[in-house]
Amino acid sequence: MTKNTVKLLDIVALTVDLTEYNLYRGQVGTVVELLAGGAAFEVEFSDRNGRTYESVSLRPEQIMVLHFEPASPDSVPEMVTA
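Quick note on the numbering used here: the sequence shown kicks off at 15 and runs consecutively.
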């Protein structure tokens, strides 16, 4: 994943466990801040009622952007490894 693929307010999922924050691979959050010129991101994790339970600075390789629309047939999928 390149740093330019993540934008403010993107919905992302963790690709790694962050046990020190009680966050685990697959948990979904929202990008609320672009840090270090887009080299890192502040991601907010909220419950079903919209209450934030954690906000963490993450690197691009720790998250993947979730898409709610079909991908373009011309797009090339990117593989992210932990």
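Using N, Cα and C, we set each Cβ at its ideal position, and we do this for glycine too.
Per-residue DSSP class, three states only, for residue i
| i | result |
| --- | --- |
| E3 | A question about residue 3 goes unanswered here, because the residues of the chain that appear run from 15 up to 96. |
| A53 | coil |
| E83 | coil |
| T44 | strand |
Residue interval of the beta strand (DSSP E) (run including residue i)
| i | result |
| --- | --- |
| V8 | This structure cannot speak to residue 8, because the chain is shown only from 15 to 96. |
Expected contact under 8 angstroms - CB spacing of residue i and residue j to nearest Å
| i | j | result |
| --- | --- | --- |
| V30 | T44 | Between T44 and V30 the Cβ distance is about 18 angstroms, and since that is not below 8 angstroms, they are no contact. |
| S79 | Y35 | Reading the sequence as shown, one finds Val at residue 79 and not Ser. That pair is no contact at about 20 angstroms. |
Residue environment, residue i, which counts as buried when at least 16 other CB atoms sit within 10 Å
| i | result |
| --- | --- |
| F55 | buried |
| V26 | buried |
| A96 | Residue confidence for A96 is low, a pLDDT of 49 falling below 50, so the modelled location carries little weight and cannot support an answer. |
| N74 | A small fix is needed here, since residue 74 is Pro in this sequence, not Asn. The residue is buried, with at least 16 neighbouring Cβ atoms inside 10 Å. |
| V20 | buried |
| L23 | exposed |
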